[in-house]
Every structure is written in C-alpha cells, then in structure tokens.
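If you read the sequences in order, they're chains A and B. When you number the first sequence by the working numbering, it's gap-free, plus one each residue, and the end is 709. When you number the second sequence by the working numbering, it's gap-free, plus one each residue, and the end is 312. C-beta atoms are modelled at their ideal positions from N, C-alpha and C, and glycine is treated no differently. I have placed the structure first, in the form of structure tokens, so that the comments after it can refer back to it.
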Amino acid sequence: MSLSPGLREFVESSPLPSCAIDRDARFLAANDEFCELIGVPNTELCAHSVAEYCSDGSAMNTALATDGTAVVEVVLTLPNARHVRLACRAGKIPPDHLIGVVADDAYMSLVDSYVPTGVYRTDAARVIVRANHAFARMLGFTDAAQISGRCIDRLFVDPEAADQFHDRVDHAGLVSHKEVFFRRVDGTPTEVVLTAVALRDSAGAAAGYGGVVETRDAEKAYKQVLESIPVGFYVVTHVDGRDVITDCNQQFALIHEIDSREEMIGKDARAFHYSQEDTRRFTEHLKAAARGGTAVLGEQLRIRTAKGNVRTIEVNARPRVTDGVILGRTGAVRDITAEMEVRDAVNALRTDMSAFLHTFRQTVQQLKHSIAAVADVLAGEPHVRLLLPSPEELAEIVRPAIAELRAALPPLLMAAKSAAHVTAISDADVERLAYLLRMLETSEKTVPPAHWRDLWQRAALEIASMCRRIPTHTIARATYRPVLTAANRITTTTGLATLAVARDALEAVDSPLDALRELVTSGARPEEAREHCALERCVMDAIAHVTAFAEERRVELHFSGGAGRTIVDVARHAVTRALANVLHNAIKYSWQREAGGARVVVRVLRTPANAIASVENWGVPVPADEMALVFKLGFRGRLSTDRGRMGTGVGLADTLAVARAHGGSVRVESRPGATATNPADYHQPFVTTVSFEIPRLQLHTPVEG
Amino acid sequence: MAKRRVLWIEDSAFNENTMLATPVYLSGKYDLTIALTATDGYDALQRQEFDAIVVDIRISPGDDQRWVDTYYRSFESLKAARLGLKLLDVVLTGPKEQWRELLPATARDPERYGVLTVEGINELRHDLSRLGVSVYRDKGRSETPDTLLQMLEEITNRHAERGAASESS
C-alpha cells in the first residue's frame, strides 16, 4: 500500500515527530524526528510496526479502528524507556491509514511558546486543560496559565454558538475554519477562526477537544493598513489584449480619481496612460523585467485620471509569467505628482542660479578688464602689470613723495598768509593742510600698515583738491605746483595699488563662484563624459587657471611633474576645477617668508591603486579641531579673514564632491612649520597639505594628454 | 579738544573694509582702536573705556577657547557664527561674573554701541531691540567710505547730548 504524495509531504514536513501507519499498524512513512525518536533509520522504517512500541494492545486496536471522526491517543515506549503519546487519526482520503503525531510534552513546548496560532485542548467537560501562549495573548491574557481551567464555552460571546459548534465536532469529528466570536479578558469581542477535533481515550470514550484558533483581527488590521497608506496596490491580468485590473485597493482607485475599488476593477489599466509613448516605454520595461525574472522598480509613468487630470505615478510591478508569456502583473503605485513639481521647481531654480552666477562671472571678467584699463591710464602706459604691494613696499615708494610734499607745503602756506592773498586759502584750509601733512608723516607710526594705502590716497587727494581750488592769479603756479605734483604722485601710486587690491578681490571671488555654480547645478545637467588622461595634465590646466592670482599674490607655483603619465579615467573639466579650488586656497592662505617669498608646491604621486595630486603651502594654519569641518559647504575657518566675501567656503566642498564622484577622497593635513615650537600656537605658520586622491588606470598603451 | 576713544570690532578691518577707517583717521576727532576678533574685542573693552564701539556681527573667535567653542557650536547648524551678537549679549546682558572678568560700567552702556554688518536688519531687529542697541548700518546696502565715521559721530553726539541733558537737570 502506498501513501498519497500529499499525505507523505504532510508527514515529512510536520514540525512534530509524525508518522503514517496502515491498518496493520505497519509504518508507511515518518519524518526524521520520528525516526530519531524510535531509533530506526528511515530506510528501514517499513520493516517495523508501531505495535512494537505500544504495550497497550487494546489502545492500539482502538486506534486502528478509528474512522477519522476522532483522535485516539496511544502510549509508545521508546528504546530508552521513555514514554510518549502518539495521537492518531484516520486519513480522510483514503481512510485506510492513520496519521500519528507525537504529542509529547517536550514537543508541546514548541507549540506552547513559538507557534503564533492559538492551540488548546479541553477535557470532556470542555474545560481548557492546556493552551499555548498565542491563544492566551489573543484573548488579552498575559500568561497561558490564566486561561487554563476555564470552560471554553464561556469564551464564546454567544453560548448557543458554543453548543452548536461542539455538537458539530462531536458528530463530524472535525470542524475547520469556523468563524466565531470569542470574548477577550477585557470583555470586548474578537472574531476568530476555529478548527477543532474530538478527542477519544483508549477506551474510545469522549476525552475532550483539541483546537486551533486564529484571530481575524490581524487580517483586518492588515487590510486597514493597506487602505490607509497612500499606496495603490493592484493586480492586472492580460485578457484579450487588454490589461484588466482584476483587483486593487481603494487607494489605487483614488489615485486614478475613481471613487471606489469596485468601480476600478474591470477597467483597462492602459486606458489611464497619458500617451502611447508612456505605454510603450512601460511595456518595454515590463518585458525586460519578465525576461530577467525581476521587477520594474521606480518607473515614472504619466497617467490621465478619470477626471482628466494629469498625474505622475511611481510604479513598482512584477510581471506574472508562464512559459515566457506575460499573463499580467501585480504592483504598487504612488502618486508623485507633487514631488515632481518640487523637483522641477528646484531644477528651474538651479538653472536660474547657474545663469545668474555665469553672468556674475562675466561681470567679474569685465571688471578685471576695466581695472586693467584704468591702471594703464593712471600709469600713463599700456599693459601695466598690477602686483599687490605690501604696505612696506608701498611706503618705500610713497615716502619720497611725502618728503617732497613736506618741502613744498611751507612755501605755499607762506604765500597764502600774505596780505595780498588772504583769500587764496582759508585759515581752516591752512590748518587742514597742516593736519594732512602731519597724518602723512606720522601714519607709519600711528596707523596699522593695512590702512596706510587708503589713508595716503585720501589725504593726498584732499591736498590736491585744495590746491586746485586756489583761485587763479592769487598764488603763483610755481608755488603750488610742487605740492600738486607730490600729491599726484602719491595718488597715482596708491591708486595703482588700490586697483591691484580690487583686481585681487575679483580673482579671489572668481574661482569660488565657479565652484559654487558647479556645485549648485550638479545633478541637474548631463554628466561630463569620462576620458583617459594624465592627472599631470589636469594639474597643469588647474595651474593655468590660477596663475594670474598667484602672480598678484606673489606666490610661486612649483610643479615639476609635467611630463608624468599617471593615467586616470576622469571628467577632466571637473577634476581640473577641483584642483584649481585647492590651488586657489593654497595661494590665498600663503604667507610671505622673510627670505624666499611664498611658494606652493604641487606633486603627483602614485600608490598601487590610486593617483594623488597633493598641494602644499606655508601659511595660515588649519586648526586640528577644524579638520572635520573644512569640507562643509560655507564653512569659514576661525582663522579666516575673508568671511564677509561672497563665494567663500565653497572650494573644498566642491573638490570633495568631485573626488567622491570619481571613487576617491580628499585629505587635509596641517602641521607647524619647521621653525615652530608650539603645535597649538596658531599665530605661527603651518605647512598645510591637501591631497586629492582617485583611482588610477594601469594602461600599456600611451594616452594623449 | 581731546580725541574720543572709539573701538571697531571687525575681522575684515584690514581687508575689504580698510576704506572705512580712513575718514575716521582724517577727521582728527577719534582715537581708533581696532579689534579683529571676539577675543581681542572683549580684551579691549576690559582694558579701556570707549566713547563708542562699533561691532560687526560675523567675526572670528580669536584665541580664547570660550569664543572658539561658541564659534564651533554655532556652526553645527551651518549658520555663520554670530559671535558679534554673542559678544554684545555677554557684555550688555550677562552677569558681571559670567566670565569672571570685570568690565567698566561704560562698556555696559548699550547707547555707546552700534552694529555694522552684512546681516539684514530684519534678522537682527529683535536682538538689537532686546540689547538696547539702536545704531545699525547694513554693509551691503548703505555702505559708503564715511559709514563708520557717521556711526561714530551719531553715537558720540548722542552720548554728548545725554551728558549735557543730565548736567542741566
């Protein structure tokens, strides 16, 4: 006799030790747990009989005679002398074998504690003698012991329903999946699904009931969740060329502006697609998913709702495929119309900002040209080279002119005092001229060096202006001309220096503005294509960007690796810009050494996997507690002195973004210079090294550039 | 007439704001002290009495670790640290023993103060009102080379008027 495949599978997959026996008590099948229990290998099982282990022959006979309307328990004696109870029940189809499950306490603990379904057993008086924790919890009890000893009929909300149910179990032996209402410990009703069998003792008398209880609340709660979250769930079946919506939740209907899911069911999903192009694209992706055994995820699809409104939804769908044919799909959709509007607005803002910053940069270029033109006029010659002078350098040039002023002013003041020319220069102006000369002569001692230039310029301008106001024919030109000449020399020199300062300010803001524009617009424009090139080439291009700035600041840029070929796969303009940002900072924060000026050293290094462009400068420290902050957009170090300037605090953030986009990183190290004594003294110069590191390629053929 | 002592707390005083100092020098009326950081500003207020103090809002902390810690704490939210405002708070409203140093009484007079900053008045109105500081200029909108001189004159004239009024009463 053979066991049906379904029953064999039931026995072999049971979590408890289980077996199947024929009417002659011979084993037909058993799972590993049962075989281990009785100490017989599965391959030898059929040679044994359950009667070998059962000492009570009458109980065994009763069990073998059972017709499936009850469960009969027999006691088995195991080889180790341990006793277990085997609950036996006739198989339904066909009824010529029995299914036995070991109901031993050791295994019942699994049921007690871990099984999520309620399990109970009563005696003949319907008093619960055993219940697991799941059963107790679903009724609001904290412990299974609290429910034992209660009559199960008292758990029914309707006592008549309890009687009817148990009568049916007595009659049929088994009632399954009956929906009834139980009362929880707090008195509230809860709907459950009840399955119960009648139990018999060894004499065949009624011994109680065994049952399995499942709550409907979880299922209801689950359905409520499905309806309350703003996600549409649906099932589509492909029928006669239509994508028929065969099931969905209420949200799915509402997303399409249909009042109810009932109205939605039966409609063609494609009828809601905004255009044939949307349908075509979605269908292609669905077919690709079907071929790959995957799902369509995050697909954006435009729809036109039942009310004619255009919306954008995000679709996640898995095709149902049989023999390579797509029969339909199940999926979840989300209305992302508002998100798309925000995204479009952000992109529009990015575009506007990019255009603004671009225009601003063009204005900066125009200003630079204007400054150059004015400098030529002031200097009286074309293509004047504007270098940023230090206050001491400026003083060297201006002092002779101040001395000339010192010599030329007294004769002018004497001439002004003459009775014939009393109105040439007023007393107040005479006093003012004297004061201005005093300011010019003493300013190196009384005013901070950074203020000399502007002070001399304004003082000299005022002196020159006074001279020009002297009425003609009141004082000889030969008397006031030397004063005017000296004052003009001061204003020309300081004017050129001021133009150099202005040009320097424009250079200082130009690079960060470019970095800011790139940072703002990244993600909203097509990515730059990658190409193989030498990192050394990117370095040289970056140096070319900052050369004018370095010249103004009188910082030497040293890079000796121009001939190197450290090949990388990069978005070349982005990497060049990233390196230019680093160079720009290095120049800006360099200090002039007493001997040897200022220098920035650039190197390209290699590790087995990576290429590194390192930029080293001597000057402004980066305090140790700022190392983690230097890459934050807009961060200004506490030792920075240009925090009020537009576009600062951008460069390193942009550089890091570029490095990361290439799978790399940026490191900053700052340590006291060689002559330093105290590493925490930030008034002394530090050597700061910024290293831009990205993966490199190992190529055998040379690459241009 | 003796020059009035004035203090300008501005970290860009030697960079893009140099031109603001020249009219003050050329006026011949003021003895100008410049502090570049919150540390230097607070130290200057301890050492001398000033007839007028003009403060920038965004300044660097300097060496004093208390200002450094405040600067970094403020930056956690990515807003540039308003240490100038914090300085005004400490000086004008903090308890005398807050940082265990004593300031002269004149340093605690809000009418001797003015604010010259890029921050808009709408962002500062509430705080300045709370502190009793009424002289304010926006660097970006209304700045001319004479802005600092004008502020100092406004503050010192007001102070002089107040002194004259109290004498006559």
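- Cβ-Cβ distances below 7 angstroms link B:P253 to L235, L274, G275, V276 in the same chain, with the five nearest sequence neighbours on each side left out; the list follows chain order.
- Listed along chain B is no residue with a C-beta nearer than 9 angstroms to that of A:V402; the closest approach is about 15 angstroms.
- Secondary structure note for B:L267: its alpha helix (DSSP H) is the uninterrupted segment 264–274.
- DSSP places A:T192 in the coil class of the three-state scheme, outside both helix and strand.
- In the structure shown, A:Y439 adopts helical secondary structure according to DSSP, grouped into three states.
- Cβ proximity to chain B below 7 angstroms picks out A454, H455, D458, L459, R462, A463 from the stretch 453–483 of chain A.
- Non-local C-beta neighbours of A:E630 in its own chain, meaning closer than 6 angstroms and more than five positions away in sequence, comprise G641, ordered along the chain.
- Around the CB of A:A176, fewer than 16 other CB atoms lie within 10 Å, so the residue is classed as exposed.
- Taken in chain order, the whole alpha helix (DSSP H) runs of length 4 or more contained in the stretch 147–211 of chain B are 164–170, 181–190.
- Residue A:V604 holds the alpha-carbon nearest to the alpha-carbon of A:T551 among A:V604, A:S526, A:D518, A:T570.
- Residue contact check for A:A501 against chain B: no CB pair falls below 8 angstroms.
- Sequence-distant partners of B:S155 (beyond 5 residues in either direction) whose C-beta falls short of 8 angstroms from its own C-beta, in its chain, are D199.
- Taking C-beta atoms as the reference points, A:S152 and A:R134 count as a pair closer than 8 angstroms.
- Contact between B:L179 and B:T290 does not hold, since their C-beta atoms are separated by about 19 angstroms, which reaches or exceeds 8 angstroms.
- Remark: C-beta atoms of B:T165 and A:R610 do not approach each other more closely than 8 angstroms.
- For the stretch 148–170 of chain B, the set of residues with a beta-carbon nearer than 7 angstroms to any beta-carbon of chain A comprises D154, S155, F157, N158, E159, T161, M162, A164, T165, Y168, L169, in chain order.
- Within its own chain, the residues whose Cβ lies closer than 6 angstroms to the Cβ of A:Q596, once the five positions on either side in sequence are excluded, are A602, listed in chain order.
- A Cβ-Cβ contact shorter than 8 angstroms links A:P676 with A:Q688.
- Of all alpha-carbon atoms in A:A548, A:R481, A:R172, the one lying nearest the alpha-carbon of A:F563 is that of A:A548.
- Here the alpha carbon of A:M443 sits roughly 22 angstroms from the alpha carbon of A:A419.
- In the DSSP assignment, A:L539 falls outside any beta strand (DSSP E) and within the unbroken alpha helix (DSSP H) covering 539–556.
- Residue A:L539 holds the alpha-carbon nearest to the alpha-carbon of A:V608 among A:N46, A:L539, A:F553, A:D545.
- In the displayed model, A:T679 falls within coil according to three-state DSSP, outside both helix and strand.
- Residue range 178–187 is occupied by the beta strand (DSSP E) that includes A:F186.
- Around the beta carbon of A:D247, a 10 Å sphere encloses 16 or more other beta carbons of the protein chains shown; the residue is thus reported as buried.
- For A:D26, the enclosing beta strand (DSSP E) begins and ends at 22–26.
- In the three-state reduction of the DSSP assignment, A:H387 falls in the coil class, being assigned neither a helical nor a strand state.
- The continuous beta strand (DSSP E) containing A:S695 extends over residues 690–699.
- Taking 8 angstroms as the upper bound for CB-CB distance, A:A575 and A:F696 are not in contact here, some 14 angstroms apart.
- Under DSSP, the beta-bridge partners assigned to A:I317 are A:L305, A:D339.
- Scanning its chain for C-beta atoms nearer than 7 angstroms, with the 5 sequence neighbours on each side dropped, one finds around A:T495 the residues Q461, A464, L465, A468, in chain order.
- Below 8 angstroms, too few C-beta pairs join the stretch 491–505 of chain A and the stretch 319–333 of chain A to call them touching: fewer than three.
- With contact defined as three or more Cβ pairs closer than 8 angstroms, the stretch 55–67 of chain A and the stretch 76–96 of chain A are in contact.
- Under the three-pair Cβ rule at 8 angstroms, the stretch 259–279 of chain A counts as touching the stretch 303–318 of chain A.
- The beta carbon of A:A509 sits closer than 8 angstroms to some beta carbon of chain B.
- Only those residues of the stretch 180–204 of chain B whose C-beta falls short of 7 angstroms from the nearest C-beta of chain A are listed: R201, S203, P204.
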